[in-house]
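Chains as they are written, first to last, in numbering that gives the first Met the number 0: chain G, 0 to 214; chain Z, 0 to 214.
Notes follow the structure.
Number of protein chains: 2
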Amino acid sequence: MAQEMAGRKLALILAAGELFAETGLDGTSVRAIAEKVGANIAAINYHFGGKENLYTEALRHVIQECECRGARQALEDESHFATPERKAALLRDLVRERFTSYFSPSRPQWYGRLVIRSMLDPTPSLETVVKQLMFPEHEALVQVFQRINPALTADAARLWAFSLIGQIGFYVFGESVILMVLNTRRYTADFMDAAAEHVSRMMIAAMGLPLLAEH
Amino acid sequence: MAQEMAGRKLALILAAGELFAETGLDGTSVRAIAEKVGANIAAINYHFGGKENLYTEALRHVIQECECRGARQALEDESHFATPERKAALLRDLVRERFTSYFSPSRPQWYGRLVIRSMLDPTPSLETVVKQLMFPEHEALVQVFQRINPALTADAARLWAFSLIGQIGFYVFGESVILMVLNTRRYTADFMDAAAEHVSRMMIAAMGLPLLAEH
DNA sequence: GTCTATAAACCGATAGAC
DNA sequence: GTCTATCGGTTTATAGAC
């Protein structure tokens with residue numbers, strides 16, 4: 000965990016993560032990382048044993064920070080699936096959780112970009128990170144969709160999970176183009192709220208669940 | 000257009016595009032590109048004047064090849080919006096068009112990756128390509144959603160367009176992780192058909208349109 | 001643990017012969 | 001138009017002093 004990590008090491012991980020997210024693994028030099036925290040080039044190799052290992056540590060940090068526990072918690076409480084209204088509220092909350100996990104103003108904006116990049120350029124370490132951290136989360140989400148609609152096969156429920164994740168991912172990787180279309184300089188909180196509401200409303204309606212009044 | 004392009008130049012563009020899609024602009028050396036087509040390193044600078052220009056040409060080529068005209072064509076024929084059934088069929092066809100545009104087996108698999116990468120790492124040239132080629136397509140899609148549901152504001156219709164594009168984009172950038180979850184080596188045609196059908200069914204249902212029998 | 005200095009390799013771009 | 005050779009700059013990683 001981050002708590003027992005030395006301050007210098009964590010500072011390197013955060014600086015590296017931001018630069019890796021911005022310009023990629025190949026586009027980021029260890030010199031730039033060291034310079035960003037006022038450290039030495041050799042310190043990176045001393046602490047992490049190389050650029051690639053530092054990249055892995057940064058990715059692991061981000062995925063741990065962005066962990067969404069909502070689906071797993073929901074599966075432990077039957078009452079979430081008692082009525083169509085409860086199911087709709089659960090779906091809305093799961094969508095909101097994922098949006099805030101990557102777009103909350105209190106959260107570094109580069110977290111999402113690093114995750115997208117790790118999928119686009121999978122390093123050998125991605126497999127470990129995915130299986131340890133992303134897999135359980137994803138499987139819980141699939142099971143939630145099956146509990147919401149028991150007629151769904153596991154494969155069909157997986158496509159619902161992909162739809163949810165994909166729509167959020169678009170606002171990460173497509174940011175530059177979306178901002179050009181919107182003719183804005185950066186995402187506003189209002190826009191992201193509207194996007195999250197659109198996604199949850201769409202999935203609730205497509206699931207045949209009732210739209211919530213307090214939406 | 001590609002027709003009047005010299006064979007050697009086009010070969011360089013295609014080889015460069017594939018490598019850029021695979022390992023990114025920074026991760027691809029002009030040496031590797033030249034080697035892939037049996038050409039010389041200097042030829043790239045002679046024909047394109049630098050690595051970045053070649054990248055722009057490759058991106059332009061892909062976006063032209065992947066152009067989806069369905070939305071613009073639909074707007075020219077009122078009958079597509081005559082009945083809820085016609086609207087649903089139109090929505091299904093637009094989803095299918097975009098899926099086949101990037102996932103048809105007859106199409107290079109790297110096209111989508113290059114598009115995603117261009118959004119994630121916007122070069123100065125992206126703005127030109129986006130405004131010339133992607134903008135009209137996107138605006139037509141937004142108008143189609145407004146014609147399908149006249150109650151939608153332009154902003155709301157835009158979110159529907161983002162949902163459509165985002166879900167397709169996920170199967171591009173998330174391929175490595177999706178294949179790990181599915182425990183497969185590559186996408187099958189059946190899986191992509193199921194994914195496209197899921198997306199179109201979900202959006203049709205969420206729009207309050209009737210599901211089609213021949214789906 | 002942190003630094004300097006440097007090794008060894010690679011990069012993009014270009015000059016100039018053909 | 002295509003080639004070889006090379007320049008000047010950058011990269012990661014490391015050896016060794018402190």
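Cβ coordinates follow ideal geometry from the N, Cα and C atoms, glycine included.
Since this is a predicted model, take the numbers as computed values, not measurements.
Positions of the alpha helix (DSSP H) runs, each at least 4 residues long and wholly inside the segment 53–112 of chain Z, are given as 69–74, 83–102 in order along the chain. Scanning the segment 167–192 of chain G from its first residue to its last, the whole alpha helix (DSSP H) runs of 4-plus residues come out as 174–181.
For chain Z, the residues of the segment 16–37 of chain G that bring a beta carbon within less than 8 Å of one of its beta carbons are T22, G23, L24, D25, G26, in chain order. Fully contained in the segment 10–48 of chain G is no beta strand (DSSP E) run of length 3 or more. Approximately 6 Å separates the beta-carbon atoms of L113 of chain G and F19 of chain G; this is inside 8 Å, confirming the contact. Only buried fits E56 of chain Z, as 16 or more other CB atoms lie within 10 angstroms of its CB.
Just measuring C-alpha positions, the residue of Z:P149, Z:Y45, Z:I12, Z:G48 sitting nearest I32 of chain Z is Z:I12. Across the structure, N52 of chain G and R7 of chain G are spaced so that their CA atoms are roughly 16 Å apart. Close to E126 of chain Z, with beta-carbon spacing below 8 Å, are these residues of chain G in chain order: M179. Within 10 angstroms of the beta-carbon of A156 of chain Z lie 16 or more other beta-carbons, which makes it buried. For V143 of chain G, the enclosing alpha helix (DSSP H) begins and ends at 134–147. In terms of Cβ geometry, M201 of chain G and L90 of chain G do not form a close pair [threshold 8 Å]. Chain order gives the chain G residues near H137 of chain Z as V180, where near means a beta carbon separation below 7 Å. Your pair H137 of chain Z and A153 of chain Z does not check out as a contact, with CB atoms roughly 12 Å apart and the cut at 8 Å. In the structure shown, P123 of chain G adopts helical secondary structure according to DSSP, grouped into three states. Look at the segment 43–65 of chain G: it has no residue with a C-beta under 9 Å from a C-beta of chain Z. Ranked by Cα distance from M133 of chain G, the options G:F169, G:L58, G:E174, G:A88 are led by G:L58. Contact check for R97 of chain Z against I177 of chain Z fails: the beta carbons are separated by 8 Å or more. Look at M201 of chain Z: its C-beta is under 8 Å from a C-beta on chain G. The segment 62–80 of chain Z makes no contact with the segment 37–52 of chain Z, as fewer than three CB pairs between them are under 8 Å.
Between S78 of chain Z and chain G, the shortest Cβ-Cβ separation is not below 8 Å. Assigned with DSSP and collapsed to three states, L163 of chain G falls in helix. By the criterion of a C-beta distance shorter than 7 Å, I40 of chain Z is surrounded in its chain by V29, R30, A33, once the five residues flanking it on both sides are discounted. With 16 or more other Cβ atoms from the protein chains shown falling within 10 Å of its own Cβ, G165 of chain G counts as buried. A check of alpha carbon separations from V36 of chain Z across Z:Q72, Z:L119, Z:A14, Z:V143 identifies Z:A14 as the nearest. When C-alpha distances from W109 of chain Z are compared across Z:T27, Z:L181, Z:V61, Z:D120, the shortest belongs to Z:V61. S78 of chain G counts as exposed, since fewer than 16 other C-beta atoms from the protein chains shown sit within 10 angstroms of its C-beta. Counting the other Cβ atoms within 10 Å of the Cβ of D76 of chain Z gives fewer than 16, which makes it exposed. When Cβ pairs closer than 8 Å are counted between the two stretches, the segment 97–107 of chain Z is seen to touch the segment 188–201 of chain Z, the count reaching three or more. Not flagged as an interface residue toward chain G: L211 of chain Z, since no C-beta distance is shorter than 8 Å. At a cut-off of 8 Å between C-beta atoms, P149 of chain Z does not count as an interface residue with respect to chain G.
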